[in-house]
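Participant: Residue numbers (this note's numbering), protein chains in the order written: chain C, 599 to 844; chain X, 7 to 277; chain E, 7 to 277; chain U, 46 to 395; chain W, 46 to 395. Quick one: this structure, given as structure tokens, is what I'll be asking you about.
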Amino acid sequence: GSDDGGDTATSSSGSATEDGGLSGTLTVFAAASLTDVFTDLGDQLEADNPGLDVQFNFAGSSALATQITQGAPADVFASANTSQMTVVTDAGLADGDPEVFASNVLEIAVPEGNPADVTGLADFGREELTLAVCAPEVPCGAAAEDVFAAAGITAVPDTQEEDVRAALTKVELGEVDAALVYATDVTAAGDSVEGIEFPEADDAVNTYPVCVLTDAPNAAAAQAFVDLVLSDEGQAALADAGFRTA
Amino acid sequence: MRGQPRRRDPGIPLPLLVPAVAAVTFLVLPLVALLIRTPWSDLATQLTLPGVGQALRLSLLSASLATAVSLVLGVPLAWVLARSRIRGRGVLRALVTVPLVLPPVVGGVALFLVLGRQGILGRWLDETFGLTIPFTTTAVVIAETFVAMPFLVISVEGALRAADARYEEAAATLGADRWTTFRRVTLPLVAPGIAAGAVLCWARALGEFGATITFAGNFPGTTQTMPLAVYLALQRDPESAIVLSVVLLAVSLATLLALRGRWLGRAGAAP
Amino acid sequence: MRGQPRRRDPGIPLPLLVPAVAAVTFLVLPLVALLIRTPWSDLATQLTLPGVGQALRLSLLSASLATAVSLVLGVPLAWVLARSRIRGRGVLRALVTVPLVLPPVVGGVALFLVLGRQGILGRWLDETFGLTIPFTTTAVVIAETFVAMPFLVISVEGALRAADARYEEAAATLGADRWTTFRRVTLPLVAPGIAAGAVLCWARALGEFGATITFAGNFPGTTQTMPLAVYLALQRDPESAIVLSVVLLAVSLATLLALRGRWLGRAGAAP
Amino acid sequence: MSLDAAVRVQRGVLHVELDVHVEDGEVLAVLGPNGAGKSSLLRVLAGLLPPDGGRVEVDGEPWDDVAAGVHLPAHRRRLGMVFQDHLLFPHLTVTDNVAFGLRTRGAGRRESRAAAREWLARVELAEFGSRRPGELSGGQAQRVALARALAGEPALLLLDEPLSALDARTRLTVRAELRRHLGDFPGSTVLVTHDPVDAMALADRVLVVEEGRVVQAGPPGEVARRPRTDYVARLVGLSLLAGAGEGATVRLDGGGRVAVAEPASGSVFVAVRPESVALWPDPPHGSPRNVWPVRLVGATPHGATVRCELDGEVPLLADVTAAAFAELGLAPGAELWASVKASEVAVYER
Amino acid sequence: MSLDAAVRVQRGVLHVELDVHVEDGEVLAVLGPNGAGKSSLLRVLAGLLPPDGGRVEVDGEPWDDVAAGVHLPAHRRRLGMVFQDHLLFPHLTVTDNVAFGLRTRGAGRRESRAAAREWLARVELAEFGSRRPGELSGGQAQRVALARALAGEPALLLLDEPLSALDARTRLTVRAELRRHLGDFPGSTVLVTHDPVDAMALADRVLVVEEGRVVQAGPPGEVARRPRTDYVARLVGLSLLAGAGEGATVRLDGGGRVAVAEPASGSVFVAVRPESVALWPDPPHGSPRNVWPVRLVGATPHGATVRCELDGEVPLLADVTAAAFAELGLAPGAELWASVKASEVAVYER
Ligand SMILES: Nc1ncnc2c1ncn2[C@@H]1O[C@H](COP(=O)(O)OP(=O)(O)OP(=O)(O)O)[C@@H](O)[C@H]1O
Ligand SMILES: Nc1ncnc2c1ncn2[C@@H]1O[C@H](COP(=O)(O)OP(=O)(O)OP(=O)(O)O)[C@@H](O)[C@H]1O
Ligand SMILES: [Mg+2]
Ligand SMILES: [Mg+2]
């Protein structure tokens, strides 16, 4: 569906070549938490299409949404939540409906060795612990509110982090006893952080939508990248990184 | 100073006027654009939200405290860099400048390494006094001071270097030791430079985001300053983030104008 | 200046020494802690990653360009604020200071509003010349300049105010118009103040993150500066973020030391 | 290139109101006590201080005209100025300081430097060219400032106590140099000085200024012989007394009478040279018709003589030799008699 | 509180090496040309410039002793100093400037201010107390600086040309004031000046410094009568000639002979007062035994007389009245004859 993107930018950026290979530059705007997985998928797409150069712009989803609404020359937008994707779709910049390619649930992250003996969500009501959750304005914070409501727990956090990474950093440094973060982040953090799953997590599943953009200079390659993400191969890579796949 | 028209000013030379106008345009146009985009109808709603007033108060308080701490610690440091003859001043000066370059988030991490629960000093503070600094308003002030003080130090040092050291010699012959000379001669002489440095420091502290959110966290009422509120608003509703920014701008503009007026009043009395 | 020992320095007075030492400790200890925590074994690996060298080069280049632009535009603006008698200087000065307070991310949004494809000027630039600024290295320089120039302006203005204006009168009686006076008398006289301002500006530009990632994006090779690389590394592996930060610190420390050495050499020649 | 100026300017509480006219090639010395407004006058002439009224015209060209709204900025006035505190540029070498005015007026670097070196040689500082002003002594700096002002070949030369920081020997040399230069100089010169010797040696005309107003004007000799205010009288070392002429006697305003050689009438000044006053422990009897009782209030050695300040009906200064002073055993508070020959007393209209 | 100092300090190319001794209550005047090292000496005494060698001792207390590693910082020396360029604190009022030294030495604010006002009244600036230094004229500022230094009741008073910016009248007043104060003053005073009148009026002893060394020392009258260098001779207005005594004649080193009244032998100086030199268009025949052919090379009006600079076998200065000067129709280059009575020629050992 790139018929309306056929302006000068398309021809200069390249498109499907005659033998089916892709060329030109593909620009993917993706949430920062996708850095590793997407970088690998991009490399793979480049390997399959020697004429293609895949460029990533990793940043917070909201920054990316702002950039896209300000006319950034992007082909693909992969958001870490539906709300920022909505900003883009509302502006009429998404080509077709966004597709969910992964989801993520909350997990409790504790420092190596779990010094405060955190066992479950109920520990977020313990005053004596130093606890971090995400701010309600950001998706993981909204999700946290949902799970606390579902579990009937009054949480007493010491800080409401602006994003998951900030919360996780504090766990890694041992500065908080527990933080409510995404499962993928626990996976990415490696040995310095232990994850504790809890059943209420399923009440707040965060979804990752992706879409090709209306003004995509290289719509063909964009579609190919989205297809790759949704393919079995892409889904497997996401699963390796701790995502629940669609 | 008198009311009558002065025919003195032969105007601003063109090679200065053109870049100056360009600079003002460059700095002010984005602000104007923000103002144009501000959904003014939202303003009243936003301002009456309880969190906003709180964040604004906390921001002003902590930036002012950070500036005060920076003045108390930074002006002496600037003096040492400018006037003493200790060895290694060059390295010291560079070391003091370097925190400017540190990405603020990493600055926050570094503060944890020193003052956090597991930090070099923090562990001792915790064990000895039961004091924990992170996630408190104190932590906000510390984070802002860490990020903003170098601005004060560097600009005060520049002012000290430019000042005429012979006045200090004159003070010495009048029996003033270096400390008295510093208080009664040096400080008043470089007051404009210190004022400039304090403004830089205050403004930088007021806008501080990365180190604060890392080291102090974000909790409404104790550690959520305006930049944090703005950032979070931006996640959900960019319009309201713009409104909050404009509020922050207006308040700081008013503060600066009020302060400057007083300083200028003093400076204007001198020749 | 001669090699013999000077018995002059009667030491630094205690009321200055104590806060100065406290200031240095406060500013330097977190850096030391960072160094301790740095996984040095990673250093070689990190440095050889292709993106890192690129980001470092881009950072140095864009910060230096931003400083150059700030000097060209900002020093004249500082002169206008300090020396001219135009009306509304107080308001102008406050307006110039205010961008310091703006959360950088909002600053990035504001730059979009002016220079973005739909921006006030951006639209016109796009339609007339086919020029788009966001997401280019130019955008990085612009974002850094927007954030860092006020530091230069305010500190140079402080230096100008502290300088003795009678030298400028003497130059006028020798036939120098205000522009010549500016170039040949004022500039050299306030050189230390300008140097201090440039250092502040450069360091602030080098550490710039929020406005850059918003307005210029995060494209390796064109807009990914070191702070952005640090941010991404932080998403993945905090250890490597620390390594990158230390690299940034080391490079800026070396640059500052090299520059300062030269400036001091010049300044040392004067009385 | 005559200077024609009427300067009105308010400086704090002092209102300066001075009319100044200097012909081509003429040197006008402005004498006056501290705070009289001399430097303020020069600043207005230089264009550094905008006048509140009046005008400044050089060679018919208006530099300032408040009524017409004309104000030529300082750098467009072809003038040279030496400030009371030299104001050499600290970042330039001595040579470059002197070359500064030439460079701003369009001369090349090499040529300006050569001219500057010539000027430095004239003020006997040839070997100091590569120093910075901070490495000069006070007097050396002032000589460089003089060279810097002269190097520009100005139309109007303004000198604010140019010689006051110079030592006696240099002062002689520079004064002679200045005199030679001023002799060749086609423009007008205004010289502010405290030293009557400078005024006598250098000026064609003297303007005495007190509290912002002209109190006396004329050729140096005339001013020196017939001072009209106490300040000038002190300056040239005379005792000045005001009174009313009554034939061969002048009745002083402060009481007392002075016998004079030429009959006088109306308001007059009486001037007495300190050298002509003799002091006696007892009332003398002899030819001098003026004998007054006085009290010694102060004494200052002055070369080989001692200058005695006398109070009484007729306040006077007297110069006596150090030997006589010692012989008379004088001490402050001593009661004495002073005598002056009537022929030694100058009398002239007020 | 005597001052005893041996100062060795390198200033650029100049090596200053001066031994200075000043008794209690004594005033030492240091005279010398620009750049001789006078201000450098004062800076060492004040503790502002660390000497490279020697020592400074006041009343037996060592202030500086390079060999022993002693250096008392400036603020611990009980001294008062007046700088060549006043250096009043621009941010303080005039009263607070004067009160500064009292405050730093522990006096209360009210009491310091009262004392400061008294000092201001003594330098006749009582009504200027609430001004800022920037609103003073140059001379007013210097008087305030003087008051500031004196107010601290120092043990050692250092004055770097304290009167040079003052106008003639104020100078008389302040000089008399200074004299009175120095008279009462129990400490030592070192006064740097260019003005021989200051030295004569204020000093008990004079040190003449040239190129960092003492070239002459002695009481003012002695130095004035028997100068030992050309600089001093010029300063006191004498012509100085060096030669070898041969009984009633002195053979000058530069050629020529001078007849003297007292027989002399060995290396001697001959000093001639300009007033004693008479000028003639043709060779005169009469009692004066010294008659030399000379050429007029310069002439400067000097009060009622003209000072003529003469070149020839015997270079001289001559003072003639303006009338005589005009009558002789003198112009530079004129060939003349100069005569001096042998009894007017002073001769003394070199
Ligand atoms: N910037 C100023 N603002 C207000 N008053 C001033 C200023 N500068 C000088 N004055 C006052 O104006 C008067 C005249 O000063 P001016 O410098 O012209 O005196 P002057 O005749 O040059 O004295 P001096 O011989 O001491 O140099 C003085 O009373 C002085 O206090
Ligand atoms: N900071 C300095 N560095 C190097 N040389 C200096 C410095 N200050 C002064 N001098 C030189 O030292 C010499 C002595 O200077 P000083 O100021 O003591 O002279 P002075 O006798 O006070 O002269 P004046 O009568 O002109 O004030 C001069 O040749 C001067 O050029
Ligand atoms: Mg003056
Ligand atoms: Mg000197």
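Backbone N, C-alpha and C define an ideal beta-carbon position, used for all residues, glycine too. Just so it is clear, the structure is predicted and the values come from calculations on it, not from any experiment.
Residues in the region 136 to 153 of chain W with C-beta within 7 Å of chain X's C-beta atoms, listed in sequence order?
Facilitator: Within the region 136 to 153 of chain W, the residues whose Cβ lies closer than 7 Å to some Cβ of chain X are HIS136, PHE145, GLY146, THR149 and ARG150, listed in chain order.
Participant: Per DSSP, what kind of secondary structure is ILE706 (chain C) in: helix, strand or coil?
Facilitator: Position 108 of the first sequence holds residue 706 (chain C). Of the three classes helix, strand and coil, the one that applies to ILE706 (chain C) here is strand, per DSSP.
Participant: Count the other C-beta atoms from every protein chain shown that fall within 10 angstroms of the C-beta of ASP631 (chain C), then say buried if there are 16 or more, exposed otherwise.
Facilitator: Counting from 1 along the first sequence, the entry for residue 631 (chain C) is found at position 33. As written in the sequence, residue 631 (chain C) is Ser, which differs from the Asp given in the question. The residue is buried, with at least 16 neighbouring Cβ atoms inside 10 Å.
Participant: Please give me, in chain order, every unbroken run of the alpha helix (DSSP H) with length at least 4 that falls completely inside the region 774 to 825 of chain C.
Facilitator: Those alpha helix (DSSP H) runs which fall completely within the region 774 to 825 of chain C and span 4+ residues are 781 to 787.
Participant: In chain order, what residues of the same chain have a beta carbon less than 6 Å from the beta carbon of ARG148 (chain U), not counting five sequence neighbours either side?
Facilitator: Stepping through the fourth sequence from its first residue, residue 148 (chain U) is reached at position 103. Closer than 6 Å at the Cβ level, and outside the excluded window around ARG148 (chain U), lie SER157.
Participant: Mind checking if SER609 (chain C) is an interface residue toward chain X, Cβ cutoff 7 Å exclusive?
Facilitator: Within the first sequence, residue 609 (chain C) is the residue found at index 11, counting from 1. In this prediction, SER609 (chain C) scores a pLDDT of 37, lower than 50, which makes its location untrustworthy; the coordinate-derived value is nonetheless stated afterwards. False, the Cβ-Cβ gap to chain X never drops below 7 Å.
Participant: Take every Cβ of the region 381 to 393 of chain U, pair it with every Cβ of the region 83 to 92 of chain W, and state whether three or more of those distances are shorter than 8 Å.
Facilitator: Contact fails: fewer than three Cβ-Cβ distances are below 8 Å.
Participant: At 4 residues or longer, and completely inside the region 105 to 137 of chain W: list those alpha helix (DSSP H) runs for me, N to C.
Facilitator: Within the region 105 to 137 of chain W, no complete alpha helix (DSSP H) run reaches 4 residues.
Participant: Given the structure, does SER70 (chain X) come close to ligand 3, in the sense that its CB is under 6 Å from one of the ligand's heavy atoms?
Facilitator: Reading the second sequence from its first residue, position 64 is the one you call residue 70 (chain X). Not so, every heavy atom of ligand 3 lies at least 6 Å from the Cβ.
Participant: ASN79 (chain W): beta carbon under 6 Å from a heavy atom of ligand 2?
Facilitator: Residue 79 (chain W) sits at position 34 when you count from the first residue of the fifth sequence. Yes - ligand 2 has a heavy atom lying nearer than 6 Å to the Cβ of ASN79 (chain W).
Participant: Take ALA822 (chain C) and list the residues in its own chain whose beta-carbon comes closer than 7 Å to its own, dropping the five residues that flank it on each side.
Facilitator: For this step, residue 822 (chain C) is matched to residue 224 along the first sequence. If we look at ALA822 (chain C) and ignore the five residues flanking it on each side, its Cβ neighbours are LEU620 and LEU643.
Participant: Helix or strand or just coil, what does DSSP make of LEU236 (chain W)?
Facilitator: Your numbering for residue 236 (chain W) matches position 191 in the fifth sequence. Here LEU236 (chain W) sits in strand by DSSP.
Participant: Measure the alpha-carbon distance for ALA814 (chain C) versus GLY690 (chain C) and round it to whole angstroms.
Facilitator: In the first sequence, the residue the question calls residue 814 (chain C) occupies position 216. In the first sequence, the residue the question calls residue 690 (chain C) occupies position 92. Computed Cα separation, rounded: 13 Å.
Participant: For PRO713 (chain C), count neighbouring C-beta atoms within 10 Å of its own C-beta (all shown protein chains included) and say buried if the count is 16 or more, exposed if not.
Facilitator: Locating residue 713 (chain C) in the first sequence gives position 115, where the first residue counts as 1. PRO713 (chain C) should be labelled exposed.
Participant: GLY99 (chain W) CB to nearest chain U CB: under 7 Å?
Facilitator: Mapped onto the fifth sequence, residue 99 (chain W) falls at position 54. Answer no: the Cβ-Cβ gap between GLY99 (chain W) and chain U never drops below 7 Å.
Participant: Taking LEU252 (chain U) as the reference, give the member of U:TRP164, U:VAL139, U:VAL75 and U:ALA323 with the closest Cα.
Facilitator: Translated into the one-based positions of the fourth sequence, residue 252 (chain U) becomes position 207. Looking at the Cα atoms, U:VAL75 is the closest of the given residues.
Participant: Measuring CB to CB, does ILE160 (chain X) end up less than 7 Å from LEU262 (chain E)?
Facilitator: To locate residue 160 (chain X), count along the second sequence from 1; it is residue 154. To locate residue 262 (chain E), count along the third sequence from 1; it is residue 256. Cβ distance not < 7 Å, so ILE160 (chain X) and LEU262 (chain E) don't count as in contact.
Participant: Helix, strand or coil, according to DSSP, for SER90 (chain X) in the structure here?
Facilitator: Residue numbering aside, residue 90 (chain X) sits at position 84 when the second sequence is read from its first letter. Coil at SER90 (chain X), not helix or strand.
Participant: Quick one: does THR767 (chain C) have its CB under 7 Å from some CB of chain E?
Facilitator: Numbered from 1 along the first sequence, position 169 holds the residue referred to as residue 767 (chain C). By this cut-off, THR767 (chain C) is an interface position.
Participant: I need the boundaries of the beta strand (DSSP E) containing ASN655 (chain C), first residue and last residue.
Facilitator: Locating residue 655 (chain C) in the first sequence gives position 57, counting from the first residue. Start and end: 649 to 657.
Participant: According to DSSP, is LEU727 (chain C) part of a helix, a strand, or is it coil?
Facilitator: By one-based count along the first sequence, residue 727 (chain C) stands at place 129. The answer is coil: DSSP assigns LEU727 (chain C) none of H, G, I, E or B.
Participant: Beta carbon of GLY288 (chain W): closer than 6 Å to some heavy atom of ligand 4?
Facilitator: The residue given as residue 288 (chain W) occupies position 243 in the fifth sequence. No; taking the cut-off as 6 Å, the Cβ of GLY288 (chain W) has no heavy atom of ligand 4 nearer than that.
Participant: Pop quiz: PRO231 (chain U) and ASP97 (chain U) are said to be a contact at Cβ under 8 Å. What is the actual Cβ separation, rounded to whole angstroms?
Facilitator: Stepping through the fourth sequence from its first residue, residue 231 (chain U) is reached at position 186. Stepping through the fourth sequence from its first residue, residue 97 (chain U) is reached at position 52. Actually they do not touch by this definition, with Cβ atoms about 31 Å apart.
Participant: Just to confirm before moving on: does the CB-CB distance between PRO199 (chain W) and GLY153 (chain W) stay below 7 Å?
Facilitator: Within the fifth sequence, the letter at position 154 stands for residue 199 (chain W). Within the fifth sequence, the letter at position 108 stands for residue 153 (chain W). No. Outside cutoff.
Participant: Let me know the secondary structure DSSP gives GLN124 (chain X) once reduced to three states.
Facilitator: In the second sequence, the residue the question calls residue 124 (chain X) occupies position 118. Correct three-state label for GLN124 (chain X): coil.
Participant: What do you get for ASP356 (chain W), buried or exposed, if any count of 16 or more other CB atoms within 10 angstroms of its CB means buried?
Facilitator: One-based indexing of the fifth sequence puts residue 356 (chain W) at position 311. Exposed is the call here.
Participant: Excluding sequence positions up to five away, which residues of its chain have a Cβ less than 7 Å from the Cβ of THR187 (chain X)?
Facilitator: As a position in the second sequence, residue 187 (chain X) is number 181, starting the count at 1. So the list reads GLU174, ALA177 and ALA178, once near-sequence residues are dropped.
Participant: Suppose you measure from the CA of GLY174 (chain U) to the CA of GLN185 (chain U); what does that come to, to the nearest Å?
Facilitator: Taking the fourth sequence and counting its residues from 1, one reaches residue 174 (chain U) at position 129. Taking the fourth sequence and counting its residues from 1, one reaches residue 185 (chain U) at position 140. Approximately 11 Å, taken between the alpha carbons.
Participant: Note down the Cα distance separating GLN10 (chain X) from PRO95 (chain U), rounded to an integer number of angstroms.
Facilitator: Reading the second sequence from its first residue, position 4 is the one you call residue 10 (chain X). Reading the fourth sequence from its first residue, position 50 is the one you call residue 95 (chain U). Model confidence at GLN10 (chain X) stands at a pLDDT of 38, short of 50, so the residue's coordinates are unreliable; what they give is reported in the following sentence. If you take the alpha carbons of GLN10 (chain X) and PRO95 (chain U), they lie about 12 Å apart.
Participant: Can you check the region 237 to 261 of chain E for any beta strand (DSSP E) of at least 3 residues that lies completely inside it and give the ranges in chain order?
Facilitator: Complete beta strand (DSSP E) runs here, min 3: none at all.
Participant: Which bits of chain E does HIS120 (chain U) rub up against, with CB to CB less than 9 Å?
Facilitator: Taking the first residue of the fourth sequence as position 1, residue 120 (chain U) is located at position 75. Simply ALA177, ALA178, THR179, LEU180, GLY181, ALA182, ASP183, ARG184, THR186 and THR187.
Participant: Closest by CA to ARG224 (chain U), which one among W:LEU201, W:TYR393, W:ALA391 and W:THR345?
Facilitator: On the fourth sequence, residue 224 (chain U) is found 179 positions in, with the first residue counted as 1. Here the closest residue by C-alpha is W:THR345.
Participant: When we look at the beta-carbon of VAL115 (chain E) and count the other beta-carbons within 10 Å, is it buried (16 or more) or exposed?
Facilitator: Walking along the third sequence from the start, residue 115 (chain E) turns up at place 109. Classification of VAL115 (chain E): buried, given that the 10 Å Cβ count is 16 or more.
Participant: If GLY378 (chain U) and ARG340 (chain U) are in contact, beta carbons under 8 Å, what's the gap, nearest whole angstrom?
Facilitator: On the fourth sequence, residue 378 (chain U) is found 333 positions in, with the first residue counted as 1. On the fourth sequence, residue 340 (chain U) is found 295 positions in, with the first residue counted as 1. Rounded, the Cβ-Cβ distance is 7 Å, consistent with contact.
Participant: How is the beta strand (DSSP E) around GLN430 (chain W) delimited, first residue to last?
Facilitator: Absent from the structure is residue 430 (chain W), since the part of chain W shown begins at 46 and ends at 395.
Participant: Identify each residue in the region 684 to 696 of chain C for which the Cβ-Cβ distance to at least one residue of chain X is less than 9 Å, and report them in chain order.
Facilitator: If the cut-off is 9 Å between Cβ atoms, the region 684 to 696 of chain C has VAL685 near chain X.
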